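Engineer: Once you've had a glance at the structure underneath, I'll fire off some questions.
Protein chains in written order, with the numbering used here: chain A, 243 to 498; chain B, 243 to 498.
Take a look at the structure:
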């Protein structure tokens, strides 16, 4: 089940932190590391700090964008140090561990996303996450080392996993008819839906690209928390396609 | 209360780990660091890894023996990676956090003791501890980085402290606009939305009233489980209104 969980590090500056993250992961039984545009990788400092976790570095996937890193994901959790203007569903590390293990047990693909050492994740990146996770640090000195942050979340995932393994009845409650038993849309499918939605809203002149306000953020939050299934996604995409035809005046022409 | 807790590092080899431990402590609100015969200290690598926690290094107490480090302590907890021949009261990190905070709240002095990078604490040192703490790592790769181990226990101390103080473990940011505390749409508003949605789908010829299939049922299930807020409902209704205008060819006319 733990193999359904990937750790995604975005634009890491210091290779030592990549090594520290790899070691923390392996200590806690996690193995899948994805690096989005690391500044220096591979690098001897990463190897040194990884200690016995060199296999995780060797198997790490290096990709160009966060979107690439999230292909196939059903649930994305992003670490957030600061308060954001747009409120978002927020978990503490313990809730994060429980959530991750519950979803992984159902076979879903999960990403834990960590931002840059100096500036974390951008607002745009945070909006691609279903949940934000905040590690409750001292407000006077709140920024954890990247490897330490990976350690805390990986530890909570392991604690939840151990608890779940001890009580298998808790994770085996997949109701046959629940929407969760349908295949969930993946992150990249969801992303294409959002792109389609945004274009359609522009087409029908509901969204002004010059003054977007927080419209897409609000819609991302709404659909992001709804665990949209692939079948539902197809319906929504179909509606958008028909709406675009309407915006082009095709329905009117057809009737003439 | 947190000032009653000291972190004791025994015979640390790598000064970078002392810096990492100091940063982890300060992130979690701990401040008292005691070093038993560190190999290299002070050291620029310790300063570098401490990042903004240089004050903890500057105030660190360097002593010659574990006994010196434990002067005045009422409760001593020692980290132990391996099973020991001598059975001993054992806590997991969460139990450790709770225990430490309970005792600190009564004014007792507490030490969290961490051993050498390669070999941990000796049996003799472990026998000076009231409790052993084991971080539940993967048995295949069980040895945590020293700074990471300090991070996990400091984190659990902070979680227990926040709970004891009645403080939230996560900052509920701007509750006024959080999705949960926003006014949810009422059942009748939701019903009017579904009517509007159905009419719009007919308008754009996505829904055939003669052959409705289960389309509306599926859409009801999707939006019904999403706890749509009133503000979100207004956005969705606005999109439907614009879509209906598009279906009537008004956008095309407007452009002419």
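The beta-carbon is built from N, C-alpha and C at its ideal position, and this holds for glycine as well.
In this text the structure is predicted, and so the values were computed from the model without any measurement.
Where does residue 416 of chain B sit, in a helix, a strand or coil, going by DSSP?
Structural biologist: As a position in the second chain, residue 416 of chain B is number 174, starting the count at 1. Per-residue confidence for residue 416 of chain B stands at a pLDDT of 41, beneath the threshold of 50, marking its modelled position as unreliable; the derived number appears in the next sentence. Reduced to three states, the DSSP call for residue 416 of chain B is coil.
Engineer: Would you list the one or two residues that DSSP bridges to residue 352 of chain A?
Structural biologist: Stepping through the first chain from its first residue, residue 352 of chain A is reached at position 110. Per DSSP, A/247 and A/317.
Engineer: When DSSP builds the beta bridges, which residues end up paired with residue 471 of chain A?
Structural biologist: The residue given as residue 471 of chain A occupies position 229 in the first chain. Note: residue 471 of chain A sits in a beta bridge opposite A/426.
Engineer: Measure the C-alpha to C-alpha separation of residue 363 of chain A and residue 321 of chain A and round it to an integer number of angstroms.
Structural biologist: Taking the first residue of the first chain as 1, we reach residue 363 of chain A at position 121. Taking the first residue of the first chain as 1, we reach residue 321 of chain A at position 79. Cα-Cα distance, rounded: 8 Å.
Engineer: Which of the three DSSP states is assigned to residue 388 of chain A in this structure?
Structural biologist: Along the first chain, one-based indexing puts residue 388 of chain A at 146. Note: residue 388 of chain A maps to helix in three-state DSSP.
Engineer: Count the other C-beta atoms from every protein chain shown that fall within 10 angstroms of the C-beta of residue 403 of chain A, then say buried if there are 16 or more, exposed otherwise.
Structural biologist: Along the first chain, one-based indexing puts residue 403 of chain A at 161. So residue 403 of chain A ends up on the buried side.
Engineer: Report the residues of the stretch 436 to 462 of chain B with a CB closer than 8 Å to any CB of chain A, ordered along the chain.
Structural biologist: The residues in question are 443, 445, 446, 447, 448, 457, 460 and 461.
Engineer: DSSP on residue 369 of chain A, reduced to helix/strand/coil?
Structural biologist: Counting from one through the first chain, the residue named residue 369 of chain A turns up at place 127. DSSP places residue 369 of chain A in coil when its eight states are reduced to three.
Engineer: Residue 330 of chain B: buried (16+ other C-beta within 10 angstroms of its C-beta) or exposed?
Structural biologist: Position 88 of the second chain, counting from 1, holds the residue named residue 330 of chain B. Counting Cβ neighbours within 10 Å, residue 330 of chain B comes out exposed, since fewer than 16 surround it.
Engineer: Does the stretch 372 to 386 of chain B touch the stretch 257 to 272 of chain B, meaning 3 or more C-beta pairs lie closer than 8 Å?
Structural biologist: Output reads no: the stretch 372 to 386 of chain B does not touch the stretch 257 to 272 of chain B.
Engineer: By DSSP, does residue 455 of chain A sit in helix, in strand, or in coil?
Structural biologist: On the first chain, residue 455 of chain A is found 213 positions in, with the first residue counted as 1. Correct three-state label for residue 455 of chain A: coil.
Engineer: Work out the CA separation of residue 438 of chain A and residue 485 of chain A for me, nearest whole Å.
Structural biologist: Translated into positions along the first chain, residue 485 of chain A becomes position 243. Translated into positions along the first chain, residue 438 of chain A becomes position 196. If I take the Cα positions, the gap works out to 11 Å.
Engineer: When every heavy atom of the ligand GTP is checked, does at least one fall within less than 7 Å of the C-beta of residue 378 of chain A?
Structural biologist: The model depicted lacks the ligand GTP and carries no ligand whatsoever.
Engineer: Pairs of beta-carbons, one from the stretch 387 to 405 of chain B and one from the stretch 297 to 315 of chain A, closer than 8 Å: are there three or more?
Structural biologist: The answer is no - the stretch 297 to 315 of chain A does not touch the stretch 387 to 405 of chain B, with fewer than three Cβ pairs under 8 Å.
Engineer: Measuring CA to CA, which of A/292, A/391, A/272 and A/378 is closest to residue 380 of chain B?
Structural biologist: If you number the second chain from 1, residue 380 of chain B lands on position 138. Among A/292, A/391, A/272 and A/378, the Cα nearest to that of residue 380 of chain B is on A/272.
Engineer: Mapping DSSP to helix, strand and coil, what is residue 358 of chain A?
Structural biologist: As a working mapping, residue 358 of chain A is identified with position 116 in the first chain. The answer is strand: DSSP assigns residue 358 of chain A an E or B state.
Engineer: Between residue 245 of chain B and chain A, is there a C-beta pair that is closer than 8 Å?
Structural biologist: Numbered from 1 along the second chain, position 3 holds the residue referred to as residue 245 of chain B. Not an interface residue.
Engineer: For a contact defined as C-beta to C-beta under 7 Å, what are the partners of residue 331 of chain B on chain A?
Structural biologist: On the second chain, residue 331 of chain B is found 89 positions in, with the first residue counted as 1. Near residue 331 of chain B there are no residues of chain A at all, since even the closest Cβ is about 20 Å away, more than 7 Å.
Engineer: CB residue 261 of chain B to CB residue 297 of chain B, shorter than 8 Å?
Structural biologist: Within the second chain, residue 261 of chain B is the residue found at index 19, counting from 1. Within the second chain, residue 297 of chain B is the residue found at index 55, counting from 1. No. Outside cutoff.
Engineer: Using a Cβ-Cβ distance under 8 Å, would residue 480 of chain B count as near chain A?
Structural biologist: The residue labelled residue 480 of chain B in the question sits at position 238 within the second chain. Output row for residue 480 of chain B: interface = yes.
Engineer: Below 8 Å on the Cβ atoms is my guess for residue 319 of chain B versus residue 354 of chain B; work out the distance and round it to an integer in Å.
Structural biologist: Locating residue 319 of chain B in the second chain gives position 77, where the first residue counts as 1. Locating residue 354 of chain B in the second chain gives position 112, where the first residue counts as 1. 5 Å between Cβ atoms; contact.
Engineer: Would you identify the three-state DSSP class for residue 275 of chain A, choosing helix, strand or coil?
Structural biologist: As a position in the first chain, residue 275 of chain A is number 33, starting the count at 1. Here residue 275 of chain A sits in strand by DSSP.
Engineer: With DSSP run on the structure shown, which of helix, strand or coil describes residue 374 of chain B?
Structural biologist: Indexing the second chain from 1 puts residue 374 of chain B at position 132. Looking at residue 374 of chain B - three-state DSSP - the assignment turns out to be strand.
Engineer: Could you compute how far the alpha carbon of residue 489 of chain A sits from the alpha carbon of residue 460 of chain A?
Structural biologist: Numbered from 1 along the first chain, position 247 holds the residue referred to as residue 489 of chain A. Numbered from 1 along the first chain, position 218 holds the residue referred to as residue 460 of chain A. Cα to Cα, the separation comes out at about 23 Å.
Engineer: When you compare only the Cα positions, how much space is there between residue 360 of chain B and residue 453 of chain A?
Structural biologist: As a position in the second chain, residue 360 of chain B is number 118, starting the count at 1. As a position in the first chain, residue 453 of chain A is number 211, starting the count at 1. So the alpha carbons of these two residues sit roughly 58 Å apart.
Engineer: DSSP three-state call for residue 312 of chain B: helix, strand or coil?
Structural biologist: In the second chain, residue 312 of chain B corresponds to position 70, counting from 1. Note: residue 312 of chain B maps to coil in three-state DSSP.
Engineer: Who does residue 303 of chain A pair with in a DSSP beta bridge?
Structural biologist: Taking the first chain and counting its residues from 1, one reaches residue 303 of chain A at position 61. Its beta-bridge partners are A/276.
Engineer: Going by the CB atoms, is the gap between residue 358 of chain B and residue 252 of chain B shorter than 8 Å?
Structural biologist: Position 10 of the second chain, counting from 1, holds the residue named residue 252 of chain B. Position 116 of the second chain, counting from 1, holds the residue named residue 358 of chain B. Yes, these two residues count as a Cβ contact at 8 Å.
Engineer: Taking the straight line between their C-alpha atoms, what separation do you get for residue 482 of chain A and residue 492 of chain A?
Structural biologist: For the purposes of this step, residue 482 of chain A is taken as the residue at position 240 of the first chain. For the purposes of this step, residue 492 of chain A is taken as the residue at position 250 of the first chain. C-alpha separation (whole angstroms): 14 Å.
Engineer: Would you mind reading off the limits of the alpha helix (DSSP H) that contains residue 257 of chain A?
Structural biologist: For the purposes of this step, residue 257 of chain A is identified with residue 15 of the first chain, where counting begins at 1. Run containing residue 257 of chain A: 257 to 269, per the alpha helix (DSSP H) assignment.
Engineer: For residue 252 of chain B, list the residues DSSP reports as bridge partners.
Structural biologist: Residue 252 of chain B sits at position 10 when you count from the first residue of the second chain. Its beta-bridge partners are B/278.
Engineer: Does the beta-carbon of residue 419 of chain B have 16 or more other beta-carbons within 10 angstroms, so that it is buried, or is it exposed?
Structural biologist: Mapped onto the second chain, residue 419 of chain B falls at position 177. Note that residue 419 of chain B scores a pLDDT of 38, beneath 50, so its modelled location is shaky; the value from the coordinates is reported in the next line. So residue 419 of chain B ends up on the exposed side.
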